[in-house]
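**Student:**
Numbering (our numbering), first residue to last: 354 to 774.
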């Protein structure tokens, strides 16, 4: 696997702020589904999803601020900023380990969409999950071959228009029809703990999630791939606007989750917001919500596939890698029970450990020490050990602290300018 040596051409690097917001939201909107899992809601109530979405919004704003202060605008039209920095500042084992993490982070996206697909299969189609998943993967491979970049952008636009229309209409429709007090009292009766905000770990949860998601956004190949299509002068505004819109959407998603849960106990599903499909009475709302969910899954994966393709010099090794990865993930998914929160916590170790390193790589005018890869692996190993022994939140916090300490010590050791070989 080789990073392309030639520049990553960006033929559509002329998107406006509005178009930039659309493509960024289409990539990240599925994150609102993630923390409507039973374990997250039982532990942290509605604050789980609110913290996750707000953390993503703040990460966009932070990224926009950093880009505004960097030399990004001068290099944006030639290469993906992340890949350009990897080529410029990394070599040897540093480059190999970062390449590995670069590909591993894509597995998180696939696993989460697998879970979403399996929930939809159970709720709506009443078809065995392996069959639905196999057909879905074949469809994704076909779309990847058939759709152009312009086609994906049009699909993103359709998704965002439908999403906003439905997110405005659904809460108004239900609260007018049934009364807001009915929904509220139903939640209070069946799930009173969802309004409990005094969990002693909620602050640690928010801080850790914020740091992990910031690391995820900064190291997300799909985000950088999409940013490369936006006019350089519009990138900061697009990121800021996306962050604000995503934070406001938290209210609508929380309202829909309340509607999904107010009528009774949890179902046996990983993503409880999708049980809203049980509550919908008009048939057109059922269809619209189903289409939006499918579009959220498809648009996220299409961008991930296109961004991953940039990692390979030619299409042939890319398709070998992609088909091998999908067969492996399919086999693991139908053999092992995988939970949303388990996926988030597992990959959060990569995101939060990489955060100090990525900040140095992208935005600091400093040399990357040639032993940084050792620091990354040690920090992650220490955090995972603490997480297994105590709790994942403590493990993630320790990973970040140790990673910061190692990167600081390595920078102190490399004050004299030297070439990373």
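Glycine included, C-beta positions come from ideal geometry on N, C-alpha and C.
#1: Return yes when the Cβ of residue 609 is within less than 7 Å of the Cβ of residue 466, no when it is not.
#2: For residue 444, tell me which candidate among 762, 691, 722 and 751 has the shortest Cα-Cα distance.
#3: So, for residue 644: in the same chain, excluding its five sequence neighbours on each side, which residues have a beta-carbon less than 8 Å away from its beta-carbon?
#4: How is the alpha helix (DSSP H) around residue 740 delimited, first residue to last?
#5: Can you tell me whether DSSP reads residue 368 as helix, strand or coil?
#6: For residue 596 versus residue 708, is the C-beta spacing smaller than 7 Å?
#7: Using the Cα positions of residue 702 and residue 636, report the straight-line distance between them to the nearest angstrom.
#8: In terms of residue numbering, what span does the alpha helix (DSSP H) encompassing residue 479 cover?
#9: Could you compute how far the alpha carbon of residue 381 sits from the alpha carbon of residue 532?
#10: Taking C-beta to C-beta, are residue 337 and residue 750 nearer than 7 Å?
#11: Decide if residue 495 is buried, meaning its Cβ has at least 16 other Cβ atoms within 10 Å, or exposed.
#12: Apart from the five residues on each side of it in sequence, which residues of its chain come closer than 6 Å, Cβ to Cβ, to residue 662?
#13: Under 6 Å Cβ to Cβ from residue 756, same chain only, skipping five residues before and after it: list those, please.
#14: Among 377, 523, 371 and 370, which residue has its Cα nearest to the Cα of residue 652?
#15: Where do the ends of the alpha helix (DSSP H) carrying residue 470 lie?
#16: Helix, strand or coil: how does DSSP classify residue 687 here?
#17: When you compare each of 433, 681 and 713 to residue 660 by their alpha carbons, which one comes out closest?
#18: Under a three-way DSSP split, which group does residue 676 fall into?
#19: Contact defined as beta carbons within less than 8 Å: I believe residue 714 pairs with residue 438. What is the distance between those atoms, to the nearest angstrom?
#20: Excluding five sequence neighbours on each side, which residues of the same chain lie with their C-beta closer than 7 Å to the C-beta of residue 711?
#21: Would the stretch 453–466 count as touching the stretch 687–700 if we require 3 or more Cβ pairs under 8 Å?
#22: If you follow the alpha helix (DSSP H) that residue 710 is part of, which residue opens it and which one closes it?
#23: If we call anything under 7 Å between Cβ atoms a contact, is residue 680 one with residue 615?
#24: Distance, Cα to Cα, residue 586 vs residue 592?
#25: If you drop the 5 nearest sequence neighbours on each side, which residues of the same chain put their C-beta closer than 7 Å to that of residue 480?
#26: Let me make sure I understand the geometry here. Which of 412, 446 and 477 has the alpha-carbon closest to that of residue 640?
#27: Hey, would you say residue 565 sits closer than 7 Å to residue 704, going by beta carbons?
#28: So the candidates are 744, 727, 666 and 529; which of them puts its Cα closest to the Cα of residue 448?
#29: For residue 505 versus residue 368, is the C-beta distance shorter than 7 Å?
#30: Determine the closest residue to residue 544 out of 683, 529, 412 and 397, with distance taken between C-alpha atoms.
#31: Got a sec? Which residues, its chain only, sit under 7 Å from residue 520 by beta carbon, not counting five neighbours each side?
#32: From the DSSP output, which residues share a beta bridge with residue 583?
#33: Taking the alpha-carbon positions, what's the residue 371 to residue 766 distance?
#34: Between the Cα of residue 696 and those of 453, 469 and 452, spot the shortest distance and give me the residue it belongs to.
#35: Since residue 379 and residue 509 should fall inside the 8 Å C-beta cutoff, what is the C-beta to C-beta distance between them, to a whole number of angstroms?
**Tutor:** According to the data block:
#1: Within the chain shown, the letter at position 113 stands for residue 466. Within the chain shown, the letter at position 256 stands for residue 609. No.
#2: Reading the chain shown from its first residue, position 91 is the one you call residue 444. 722 is the residue among 762, 691, 722 and 751 whose C-alpha sits nearest the C-alpha of residue 444.
#3: If you number the chain shown from 1, residue 644 lands on position 291. Cβ-Cβ distances below 8 Å link residue 644 to 515 in the same chain, with the five nearest sequence neighbours on each side left out; the list follows chain order.
#4: Walking along the chain shown from the start, residue 740 turns up at place 387. Here the alpha helix (DSSP H) through residue 740 covers 725–742.
#5: Translated into positions along the chain shown, residue 368 becomes position 15. Three-state result, residue 368: strand.
#6: Taking the chain shown and counting its residues from 1, the one referred to as residue 596 is at position 243. Taking the chain shown and counting its residues from 1, the one referred to as residue 708 is at position 355. No, the pair does not count as a contact, with Cβ atoms beyond the cut-off.
#7: The count along the chain shown starts at 1 and reaches residue 702 at position 349. The count along the chain shown starts at 1 and reaches residue 636 at position 283. Straight through space, the alpha carbons of residue 636 and residue 702 are spaced by roughly 42 Å.
#8: Indexing the chain shown from 1 puts residue 479 at position 126. In this chain, residue 479 is not harboured by any alpha helix (DSSP H), its DSSP state being neither H nor E.
#9: Taking the first residue of the chain shown as 1, we reach residue 381 at position 28. Taking the first residue of the chain shown as 1, we reach residue 532 at position 179. Looking at the two C-alpha atoms, the distance is approximately 31 Å.
#10: The chain is shown only over 354 to 774; residue 337 falls outside these bounds and no answer can be derived.
#11: Translated into the one-based positions of the chain shown, residue 495 becomes position 142. The residue is exposed, with fewer than 16 neighbouring Cβ atoms inside 10 Å.
#12: Taking the chain shown and counting its residues from 1, one reaches residue 662 at position 309. 671, listed in sequence order.
#13: Walking along the chain shown from the start, residue 756 turns up at place 403. Result list for residue 756: 706, 709 and 732, in chain order.
#14: Taking the chain shown and counting its residues from 1, one reaches residue 652 at position 299. Nearest to residue 652 by alpha-carbon distance, out of 377, 523, 371 and 370, is 377.
#15: Translated into the one-based positions of the chain shown, residue 470 becomes position 117. 445–473 is the extent of the alpha helix (DSSP H) around residue 470.
#16: Here residue 687 refers to the residue found at position 334 of the chain shown. Three-state DSSP puts residue 687 in a helix.
#17: Position 307 of the chain shown holds residue 660. Minimum Cα distance to residue 660 is reached at 433.
#18: Numbered from its first residue, the chain shown carries residue 676 at position 323. DSSP places residue 676 in helix when its eight states are reduced to three.
#19: The count along the chain shown starts at 1 and reaches residue 714 at position 361. The count along the chain shown starts at 1 and reaches residue 438 at position 85. The pair is a contact, with the Cβ atoms about 5 Å apart (cut-off 8 Å).
#20: For the purposes of this step, residue 711 is taken as the residue at position 358 of the chain shown. Once the five neighbours on either side are set aside, the close Cβ partners of residue 711 are 568, 571 and 572.
#21: Yes, since at least three Cβ pairs between the stretch 453–466 and the stretch 687–700 fall closer than 8 Å, the two stretches touch.
#22: By 1-based counting over the chain shown, the position of residue 710 is 357. Note, residue 710: alpha helix (DSSP H), 693–716.
#23: Numbered from its first residue, the chain shown carries residue 680 at position 327. Numbered from its first residue, the chain shown carries residue 615 at position 262. One thing to note: residue 680 has its Cβ no nearer than 7 Å to the Cβ of residue 615.
#24: The count along the chain shown starts at 1 and reaches residue 586 at position 233. The count along the chain shown starts at 1 and reaches residue 592 at position 239. Approximately 11 Å, taken between the alpha carbons.
#25: Position 127 of the chain shown, counted from the first residue, corresponds to residue 480. Taken in chain order, the residues that qualify are 474.
#26: Taking the chain shown and counting its residues from 1, the one referred to as residue 640 is at position 287. Put simply, of 412, 446 and 477 the residue whose alpha carbon is nearest the alpha carbon of residue 640 is 477.
#27: Mapped onto the chain shown, residue 565 falls at position 212. Mapped onto the chain shown, residue 704 falls at position 351. Note that the C-beta distance between residue 565 and residue 704 is below 7 Å.
#28: Against the chain shown, residue 448 aligns to sequence position 95. Ranked by how close their Cα comes to the Cα of residue 448, the residues 744, 727, 666 and 529 have 727 in first place.
#29: To locate residue 505, count along the chain shown from 1; it is residue 152. To locate residue 368, count along the chain shown from 1; it is residue 15. No. Outside cutoff.
#30: For the purposes of this step, residue 544 is taken as the residue at position 191 of the chain shown. Put simply, of 683, 529, 412 and 397 the residue whose alpha carbon is nearest the alpha carbon of residue 544 is 397.
#31: Translated into positions along the chain shown, residue 520 becomes position 167. The beta carbon of residue 520 is closer than 7 Å to those of 602 and 605 in its chain, skipping five residues each way along the sequence.
#32: As a working note, residue 583 is residue 230 in the chain shown. Looking at the DSSP assignment, residue 583 forms a beta bridge with 368.
#33: If you number the chain shown from 1, residue 371 lands on position 18. If you number the chain shown from 1, residue 766 lands on position 413. C-alpha separation (whole angstroms): 45 Å.
#34: Along the chain shown, read from residue 1 onward, the residue named residue 696 stands at position 343. Taking residue 696 as reference, the option from 453, 469 and 452 with the minimal CA-CA separation is 469.
#35: Translated into the one-based positions of the chain shown, residue 379 becomes position 26. Translated into the one-based positions of the chain shown, residue 509 becomes position 156. Contact holds; Cβ gap of about 4 Å.
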